[in-house]
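Protein chains in written order, with the working numbering: chain Y, 44 to 171; chain B, 22 to 506; chain H, 457 to 918. Have a look at the structure below before the remarks.
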Amino acid sequence: MNVPKELRYTKEHEWVRVRGQEAEVGITDYAQGELGDVIFVELPAVGTRVSHMKPLGTIDAVKTVSDLFAPVSGEIVAVNTELKENPALVNQSPYERGWMVRIKMAALAETESLLSADGYEKVLGAIA
Amino acid sequence: MPELTLRDLSVQGHRGPRLAPLDIPAEGVERLLPRERVRTEGPALPEISEPQVVRHFVNLSVLNHHIDRAIYPLGSCTMKYNPKLNDEVAQLQGLAAAHPLQPEELSQGAMAVIWELHGWLRAIMGMPAITTHPAAGAQCELTAILMARAYHGERGNPREEVIVPDSAHGTNPSTVNQVGYRVVTVPSGADGCVDIAALRRAVSEKTAALMLTNPNTLGIFERDVGEIARIAHGVGALLYLDGANLNAMVGLASPGAMEFDFAHINLHKTFSTPHGGGGPGGGVLCVREALEPFLPAPVLERAGDLYRWNHDRPRSVGRVHSYYGNFGILVRALCYLKSLGASGLAEVSREAILNANYLKARLRDAYEPSHPGYCMHEFVLSASRQKSRGVRALDLGKRLLDFGMHAPTTYFPLIVEEALMIEPTETETKASLDAFADALLAIDRETVEDPALVRNAPTRTPVRRLDEARAARNPAVTWRDLEAG
Amino acid sequence: MSFVGRSDAERRAMLECIGAKSIEELWGAIPADLMVRGALPVDPPLAEYEIARRFAEWGERNADANRYACFLGAGIYDHFIPAALRSLTARSEFATAYTPYQPEVSQGTLQAIFEYQSMICELTGMEVANASLYDGATACVEAAHLAAGATGRRIVLVSGGVHPHFREVLRTYASAGSFRVQEIPAERGATSAAAARKLLTPEVAALLWSQPSFEGIVEDGAALTDAAQGAGALSVAAADPVALALLKPPGHEGADIVVGEGQSMGVPMGYGGPLVGFFATRKSQIRRLPGRLAGATVDLDARRGYVLTLQTREQHIRRERATSNICTNQGLMALANAIHLALLGAGGMREVATQCLEKAHYLARRVSALPGVTLPHGDAPFFREFVIRLPGAASDFVRAAQAKRILAGVPLARFDRSRPRDLLVAVTEKRTREEMDGYVETLAEWSRGRAGSPLEEAACRS
Numbered sequence: 044m045n046v047p048k049e050l051r052y053t054k055e056h057e058w059v060r061v062r063g064q065e066a067e068v069g070i071t072d073y074a075q076g077e078l079g080d081v082i083f084v085e086l087p088a089v090g091t092r093v094s095h096m097k098p099l100g101t102i103d104a105v106k107t108v109s110d111l112f113a114p115v116s117g118e119i120v121a122v123n124t125e126l127k128e129n130p131a132l133v134n135q136s137p138y139e140r141g142w143m144v145r146i147k148m149a150a151l152a153e154t155e156s157l158l159s160a161d162g163y164e165k166v167l168g169a170i171a
Numbered sequence: 022m023p024e025l026t027l028r029d030l031s032v033q034g035h036r037g038p039r040l041a042p043l044d045i046p047a048e049g050v051e052r053l054l055p056r057e058r059v060r061t062e063g064p065a066l067p068e069i070s071e072p073q074v075v076r077h078f079v080n081l082s083v084l085n086h087h088i089d090r091a092i093y094p095l096g097s098c099t100m101k102y103n104p105k106l107n108d109e110v111a112q113l114q115g116l117a118a119a120h121p122l123q124p125e126e127l128s129q130g131a132m133a134v135i136w137e138l139h140g141w142l143r144a145i146m147g148m149p150a151i152t153t154h155p156a157a158g159a160q161c162e163l164t165a166i167l168m169a170r171a172y173h174g175e176r177g178n179p180r181e182e183v184i185v186p187d188s189a190h191g192t193n194p195s196t197v198n199q200v201g202y203r204v205v206t207v208p209s210g211a212d213g214c215v216d217i218a219a220l221r222r223a224v225s226e227k228t229a230a231l232m233l234t235n236p237n238t239l240g241i242f243e244r245d246v247g248e249i250a251r252i253a254h255g256v257g258a259l260l261y262l263d264g265a266n267l268n269a270m271v272g273l274a275s276p277g278a279m280e281f282d283f284a285h286i287n288l289h290k291t292f293s294t295p296h297g298g299g300g301p302g303g304g305v306l307c308v309r310e311a312l313e314p315f316l317p318a319p320v321l322e323r324a325g326d327l328y329r330w331n332h333d334r335p336r337s338v339g340r341v342h343s344y345y346g347n348f349g350i351l352v353r354a355l356c357y358l359k360s361l362g363a364s365g366l367a368e369v370s371r372e373a374i375l376n377a378n379y380l381k382a383r384l385r386d387a388y389e390p391s392h393p394g395y396c397m398h399e400f401v402l403s404a405s406r407q408k409s410r411g412v413r414a415l416d417l418g419k420r421l422l423d424f425g426m427h428a429p430t431t432y433f434p435l436i437v438e439e440a441l442m443i444e445p446t447e448t449e450t451k452a453s454l455d456a457f458a459d460a461l462l463a464i465d466r467e468t469v470e471d472p473a474l475v476r477n478a479p480t481r482t483p484v485r486r487l488d489e490a491r492a493a494r495n496p497a498v499t500w501r502d503l504e505a506g
Numbered sequence: 457m458s459f460v461g462r463s464d465a466e467r468r469a470m471l472e473c474i475g476a477k478s479i480e481e482l483w484g485a486i487p488a489d490l491m492v493r494g495a496l497p498v499d500p501p502l503a504e505y506e507i508a509r510r511f512a513e514w515g516e517r518n519a520d521a522n523r524y525a526c527f528l529g530a531g532i533y534d535h536f537i538p539a540a541l542r543s544l545t546a547r548s549e550f551a552t553a554y555t556p557y558q559p560e561v562s563q564g565t566l567q568a569i570f571e572y573q574s575m576i577c578e579l580t581g582m583e584v585a586n587a588s589l590y591d592g593a594t595a596c597v598e599a600a601h602l603a604a605g606a607t608g609r610r611i612v613l614v615s616g617g618v619h620p621h622f623r624e625v626l627r628t629y630a631s632a633g634s635f636r637v638q639e640i641p642a643e644r645g646a647t648s649a650a651a652a653r654k655l656l657t658p659e660v661a662a663l664l665w666s667q668p669s670f671e672g673i674v675e676d677g678a679a680l681t682d683a684a685q686g687a688g689a690l691s692v693a694a695a696d697p698v699a700l701a702l703l704k705p706p707g708h709e710g711a712d713i714v715v716g717e718g719q720s721m722g723v724p725m726g727y728g729g730p731l732v733g734f735f736a737t738r739k740s741q742i743r744r745l746p747g748r749l750a751g752a753t754v755d756l757d758a759r760r761g762y763v764l765t766l767q768t769r770e771q772h773i774r775r776e777r778a779t780s781n782i783c784t785n786q787g788l789m790a791l792a793n794a795i796h797l798a799l800l801g802a803g804g805m806r807e808v809a810t811q812c813l814e815k816a817h818y819l820a821r822r823v824s825a826l827p828g829v830t831l832p833h834g835d836a837p838f839f840r841e842f843v844i845r846l847p848g849a850a851s852d853f854v855r856a857a858q859a860k861r862i863l864a865g866v867p868l869a870r871f872d873r874s875r876p877r878d879l880l881v882a883v884t885e886k887r888t889r890e891e892m893d894g895y896v897e898t899l900a901e902w903s904r905g906r907a908g909s910p911l912e913e914a915a916c917r918s
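In structure tokens, the structure reads:
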């Protein structure tokens, strides 16, 4: 299971890449494997305000739907429009081309509540 | 070789059955309709002669699994044998060629059929009032929750929430949302039944109704149903029986005695009308006296020897069907009931329960039952043991297809890991159950000896596993989509 | 008779394998006070021939379209149904199969749905159709839900030209609060685009109209669609599929959703059920589509096959957030539609529609020439159905015609008490010249002496 060291995580299997005020968000390699082939990702419009651990979108696989939670509060500043045409990127490249949204964070301190790679691996260990 | 489509078979100039020539002087479309309202293009329907159409659909039909071929043990679907007489009487011209708006005095036979069916079903359910307008179970749910809204509304507050156990069918929460209520989910306890303590915490003056499937989707009888009714009624909420699993109770237990305010019946499950590849079904909603005024309009009444539709129902939730429901299905269900009679009805659930317990006993050593002990008409196994060998519930189901049998329901209920939900019904013989058990036991051995064989199944079916991700990512849903590539 | 094959020896062996002493032990979980005591209070079983006799008696107590000349319509029509259709839909392989959740052993059902969807799109001029809904009325409800979801608006503007029962069902569902129904009164049996425009406020999610209208009038679909879309609402047509073989389909005029009742394509009238609703829309709305949808794909050997697709829209996966609560649909009736369209084909469907049109106009012309009988909608274009105004109560004439084995039409007083003299008359391709001439003769006889009688007029109004 690929769990990049430089990223932060949630228990709901989102990853977060912090760049200054911005948090880039996607779902983990484990999450995409559990969902199976992703067929559609519904994301909010740029400018939408999102709150910590509230659903911000949905991810449809062939026979299951999963919520995408906001790991941090703030405003959506970018969405990955490539996923509209090519949702398989979530499966093929979960940490790079499969990113979903960028959030301009309202409170940087929220990132401290996120898990480290080690912490997330422990979560995965408990599931297995 | 895949089957050609009708579009592929079309040859310009071929014709199917013909009409009699027009026996009046023709005026011509152009004189009768304004030019701009007339279609200029198509429709591009196929042009095929009758024998080719018949061959096409016969060739398609033989690609299907169906109950007249072999066991169809889908949990909560009650795939029992559909007696042939049912279809025969439904074809009678006086029933099949009657118009719904012909005068009531010329519709007394059809109305008598519905009246008599109502009598049988009220007796079976032990409930006083009934409608057969809903087309299917989900529409019964919707009708009932609308009635609950009207009932509470008359008391000054329509309330806000409906409680649904976590093991419920998806139609329950979906219906609740459509009627504008909030879904409150209560968990199942370790014994598979509704967690009574959690239910007590969930109910309040905001609760409009509680929807219960009994036996539940784990095949377990909710033995605390009396207490559940007291809890619901204690806060003024109404109790709904989702009758998907009624085949476990016919002639054996009485929903009326369980204090349900509403109870639905799926005629296409319990009362053996054919599923038709997805429908039509037949929905029946039975209710308590206090809810009778809210039933959908019109309501069938009898005055002396005459039946009539009463449309003057000021407290009714209104009409839910274009006419009077799926009448042809009501005919079939009544025919089935008359074949069974009182003695046959008493056998349905007893034999269905015996069959389910026998299968469970034959499989319990190889597959992990979700819960120990006896089951009602169905049971759930977990393929967790097989999963550790790299084979999932999905694969087991697919491998069964190679044995000429249908797969059980998989991955439902959601609360059991790798669920296989099995309902054999009463019309399977011991030999048929043995063949099914033998197949599942052989497949369990294959998960040890040759798991790849199971993962690659099926191989003996008309097509192999299909690329569902491709179908969903680039939907091709018409001939034109196929041609566009 | 319970269709159970079981000997006592088998039952004993099964109980032994289970480890139960008696069969009663198996349902020990059911509290004693909830058990049925003794036999249910219903009749004893009957033999097949006894049951068949009973149903035959019931059948004889009804009128039916084989023993009566049927001029009834109002949404349900007596069209020709080929024998091959009955034979094919009766096959166990189609009739006794479940929903095609295991596609490898359901290709017959799945391909038939796919072909049905394709032909519904051809008729309506749309891009995607689902695998069927309960009936035309609930198809309108699903269209209202889609429109409210797609526009974020709440009002569904419904033309008085839409079937009164469809409007009733819409109001029933609207009581749940997810949309609100507002009606535009029909003018001379049709929808006034000018009246619609006045009511098309920014809160309107959809304009629902009917092609043809309930009273048979061919609507100006282009004008209605333009009016709806000009106000940011969706244009939703409830269309008759036979009419669409001849009329410009709403899809070609830009409509967003086309729904309707499919009974007229190979489904018996059956005292009003089972029916079959169709639902067609644009690809852009595919994720909001209610109900099942078949799609083409390939198997592991790259052979073409079909599956139920985009299932995450549906209740068994999305639960409370599903696009609709529908599960069981009207699959076998959709199959009948597909077989019917395949058998009749482009030419046959056009001929059915043309004969309906010609015969309806023949009868309308003949009856309106009778003294005292008029066509209240004047020269408005109509398809297979029209309203006649009689010199007396329409229900009276219906009763008089019954004696001649004619089902003369549906009195509109049934839906609107202020119209006691109006009768809705439908003529399909199956009606012969002889039957129509008999109708005219019967009406002439009945209305003789009634025409212009002030007494009769007064009696009607009261």
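We put the CB at the ideal spot given by N, CA and C, even for glycine. The structure displayed is predicted, hence computed values, not measured ones.
With 16 other Cβ atoms within 10 Å as the buried cut-off, status of residue i
i: residue 92 of chain B; result: buried
i: residue 910 of chain H; result: Confidence is the limiting factor: at residue 910 of chain H the pLDDT is only 49, short of 50, which leaves the residue's position unreliable, though a coordinate-based value still follows. Looking at its Cβ environment, which holds fewer than 16 other Cβ atoms inside 10 Å, residue 910 of chain H is exposed.
i: residue 194 of chain B; result: buried
i: residue 912 of chain H; result: Residue placement at residue 912 of chain H is flagged as unreliable, the pLDDT there being 45, under the threshold of 50; a coordinate-derived value is accordingly withheld.
i: residue 417 of chain B; result: buried
i: residue 559 of chain H; result: buried
i: residue 152 of chain Y; result: exposed
i: residue 335 of chain B; result: exposed
Anticipated Cβ contact below 8 Å, residue i with residue j, distance rounded
i: residue 444 of chain B; j: residue 98 of chain B; result: 7 Å
i: residue 656 of chain H; j: residue 683 of chain H; result: 6 Å
i: residue 509 of chain B; j: residue 226 of chain B; result: Because chain B in this structure spans residues 22 to 506, residue 509 of chain B falls outside the shown range and cannot be described.
i: residue 19 of chain B; j: residue 259 of chain B; result: Chain B is shown only over 22 to 506; residue 19 of chain B falls outside these bounds and no answer can be derived.
i: residue 343 of chain B; j: residue 621 of chain H; result: 5 Å
Own chain residues within Cβ distance below 8 Å of residue i, not counting five before or after
i: residue 121 of chain Y; result: 89, 144 and 145
i: residue 771 of chain H; result: 778, 780, 781, 782 and 783
i: residue 557 of chain H; result: 764
Reference residue i; option with closest CA among the options
i: residue 149 of chain B; options: B:307, B:255 and B:191; result: B:307
i: residue 486 of chain H; options: B:273, B:125, B:106 and B:104; result: B:273
i: residue 114 of chain B; options: H:523, H:594, H:608 and H:540; result: H:523
i: residue 125 of chain B; options: B:432, B:319 and B:297; result: B:319
i: residue 726 of chain H; options: H:690, H:515 and H:510; result: H:515
i: residue 764 of chain H; options: B:90, B:494, B:194 and B:60; result: B:494
i: residue 277 of chain B; options: B:129, B:487 and B:142; result: B:142
Same chain, Cβ closer than 6 Å to residue i, five either side skipped, listed in chain order
i: residue 914 of chain H; result: Residue placement at residue 914 of chain H is poorly supported in this model, since its pLDDT is 41, which falls under 50; the coordinates are not used for a value here.
i: residue 107 of chain B; result: 353, 356 and 357
i: residue 603 of chain H; result: 661, 662 and 690
Closer than 8 Å at the beta carbon, the chain Y residues around residue i
i: residue 773 of chain H; result: 106, 107 and 108
Close-in-space but distant-in-sequence residues of the same chain around residue i (CB under 7 Å, 5 per side omitted)
i: residue 916 of chain H; result: Any reading at residue 916 of chain H must be qualified, since the residue scores a pLDDT of 41, below 50, and its modelled position is unreliable; the value itself is stated next. Result list for residue 916 of chain H: 848, 849, 876 and 877, in chain order.
Beta-carbon neighbours of residue i, restricted to chain B and to distances below 9 Å
i: residue 748 of chain H; result: 299
Partner residues on chain B for residue i, Cβ-Cβ distance less than 7 Å
i: residue 776 of chain H; result: 194, 195, 197, 198 and 204
Contact list for residue i against chain H, beta-carbon separation under 7 Å
i: residue 103 of chain Y; result: 768
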